[in-house]
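Contents: one structure, followed by commentary.
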Amino acid sequence: AQSVSQHNHHVILSEAASLELGCNYSYGGTVNLFWYVQYPGQHLQLLLKYFSGDPLVKGIKGFEAEFIKSKFSFNLRKPSVQWSDTAEYFCAVNARWGGATNKLIFGTGTLLAVQP
Amino acid sequence: DAGVTQSPTHLIKTRGQQVTLRCSPKSGHDTVSWYQQALGQGPQFIFQYYEEEERQRGNFPDRFSGHQFPNYSSELNVNALLLGDSALYLCASSRKGGSYEQYFGPGTRLTVT
Numbered sequence: 012a013q014s015v016s017q018h019n020h021h022v023i024l025s026e027a028a029s030l031e032l033g034c035n036y037s038y039g040g041t042v043n044l045f046w047y048v049q050y051p052g053q054h055l056q057l058l059l060k061y062f063s064g065d066p067l068v069k070g071i072k073g074f075e076a077e078f079i080k081s082k083f084s085f086n087l088r089k090p091s092v093q094w095s096d097t098a099e100y101f102c103a104v105n106a107r108w109g110g111a112t113n114k115l116i117f118g119t120g121t122l123l124a125v126q127p
Numbered sequence: 005d006a007g008v009t010q011s012p013t014h015l016i017k018t019r020g021q022q023v024t025l026r027c028s029p030k031s032g033h034d035t036v037s038w039y040q041q042a043l044g045q046g047p048q049f050i051f052q053y054y055e056e057e058e059r060q061r062g063n064f065p066d067r068f069s070g071h072q073f074p075n076y077s078s079e080l081n082v083n084a085l086l087l088g089d090s091a092l093y094l095c096a097s098s099r100k101g102g103s104y105e106q107y108f109g110p111g112t113r114l115t116v117t
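Sequence lines, in order, name chains D and L.
Using the working numbering, read the first sequence as starting at 12 and increasing by one per residue.
Using the working numbering, read the second sequence as starting at 5 and increasing by one per residue.
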């Protein structure tokens, strides 16, 4: 069965610190990969996505993620976090097969708290 | 351009009752997916509707059913509610049968007492 693992459940950083959130998935086929963010009191928003091509993808608000196929990983990074980055971050995988409609499989989320 | 909208925002029901949640997709989207997000967990896929048919289903019992209308809006119905059904129910819309990224609504918070 497909699954997504986010190893960091709760991360606390000071402003200007660098961020890396881990995401690993289990699926042997072709995948689309996503990071979603949920700011306090708001709905899930797409942060960035990988479908194909350059494995280093850039998203909104200075976030980037690198797809490493051999490690089944899609880690999220940001060089310098801000207090406004305080949110819950979800990694998700969409397994591509046969052109059929596909579901998103989410990790359990990482709660990031940035201290000013 | 309106995003994904859901109604109601909050709902309180009693065990054994039935509930209907509604979703209107983002303009230009034809596919609607439903997810259940329990407290402290990531969203879990319930099912997806495209062209008014259920196309894919997650590991949820038959008490969970849905419908998609010709205008692409959708309903999620849950019968015989259990305490464990208490969760945030998210609707997501996308284009062309789900091949593109999904846009999420604000969710409906269901509490079963």
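Yeah, the Cβ is synthetic: ideal placement off N, Cα and C, and Gly gets one too.
Treat the numbers as computed from the prediction; the structure is a model and nothing was measured.
Whole-angstrom C-beta distance between residue j and residue i, which should lie under 8 Å
{"i": "D:N43", "j": "D:F62", "result": "5 Å"}
{"i": "D:N19", "j": "D:T121", "result": "5 Å"}
{"i": "L:T117", "j": "L:I16", "result": "6 Å"}
{"i": "D:L57", "j": "D:V68", "result": "12 Å between Cβ atoms; not a contact."}
{"i": "L:G32", "j": "L:R99", "result": "6 Å"}
{"i": "L:Q40", "j": "L:A91", "result": "5 Å"}
Extent of the continuous beta strand (DSSP E) to which residue i belongs
{"i": "L:R67", "result": "Here L:R67 belongs to no beta strand (DSSP E), and DSSP marks it neither H nor E."}
{"i": "L:R99", "result": "Taken as a continuous stretch (DSSP letters only), L:R99 belongs to no beta strand (DSSP E), as it is neither H nor E."}
{"i": "D:A103", "result": "A98 to A106"}
{"i": "D:H20", "result": "That residue, D:H20, is in no beta strand (DSSP E); it is neither H nor E in DSSP."}
{"i": "L:F51", "result": "Q48 to Y54"}
{"i": "L:L86", "result": "Here L:L86 belongs to no beta strand (DSSP E), and DSSP marks it neither H nor E."}
{"i": "L:T112", "result": "T112 to V116"}
{"i": "D:N140", "result": "Beyond the ends of chain D as shown, which are 12 and 127, falls residue 140 of chain D; an answer cannot be given."}
{"i": "L:R26", "result": "V23 to S28"}
{"i": "L:S37", "result": "T35 to Q41"}
{"i": "D:Q49", "result": "V42 to Q49"}
{"i": "L:S11", "result": "T9 to S11"}
{"i": "D:V68", "result": "L67 to K69"}
{"i": "D:S84", "result": "S84 to K89"}
Neighbourhood of residue i by C-beta, 7 Å cutoff - its chain only, sequence neighbours within 5 removed
{"i": "D:S91", "result": "A27 and S29"}
{"i": "D:N86", "result": "E31, L32, G33, C34, A76 and E77"}
{"i": "D:G110", "result": "Only weak support exists for where D:G110 lies, its pLDDT of 49 falling under 50; the value from the coordinates is given anyway. Nothing listed; no residue qualifies."}
{"i": "L:D89", "result": "V82, L114 and V116"}
{"i": "D:Y50", "result": "A98"}
Same chain only: Cβ atoms within 6 Å of residue i, ignoring 5 sequence neighbours per side
{"i": "D:K89", "result": "L30, G73 and F74"}
{"i": "D:S14", "result": "S37"}
{"i": "L:D34", "result": "Y76"}
{"i": "L:F64", "result": "I50"}
{"i": "D:P127", "result": "E26 and W94"}
{"i": "L:H71", "result": "E79"}
{"i": "L:E55", "result": "none"}
{"i": "D:L24", "result": "V92 and V125"}
Beta-carbon proximity of residue i to residue j, cut-off 9 Å
{"i": "L:V8", "j": "L:F108", "result": "yes"}
{"i": "L:Q52", "j": "L:R59", "result": "yes"}
{"i": "D:F45", "j": "L:G46", "result": "no"}
{"i": "L:S69", "j": "L:L80", "result": "yes"}
{"i": "L:T112", "j": "L:S37", "result": "no"}
{"i": "L:S78", "j": "L:P110", "result": "no"}
{"i": "D:P66", "j": "D:K80", "result": "yes"}
Cutoff 8 Å; reference residue i; Cβ partners in own chain excluding five residues on either side
{"i": "D:I116", "result": "Q13, S14, V15, Y36, A103, V104, N105 and A106"}
{"i": "L:T18", "result": "L85, V116 and T117"}
{"i": "D:V22", "result": "L30, L32, T121, L122, L123 and A124"}
{"i": "D:G39", "result": "none"}
{"i": "L:G62", "result": "Q48, F49, I50 and F51"}
Residue-chain proximity (residue i, chain A), Cβ-Cβ < 9 Å
{"i": "D:V15", "result": "Any reference to chain A falls outside this structure, whose protein chains are D and L."}
Pair every Cβ in the segment 85-101 of chain L with every Cβ in the segment 17-33 of chain L, then say whether three or more of these pairs are closer than 8 Å. Segment contact: the segment 85-101 of chain L against the segment 17-33 of chain L, three or more CB-CB distances shorter than 8 Å; contact assigned.
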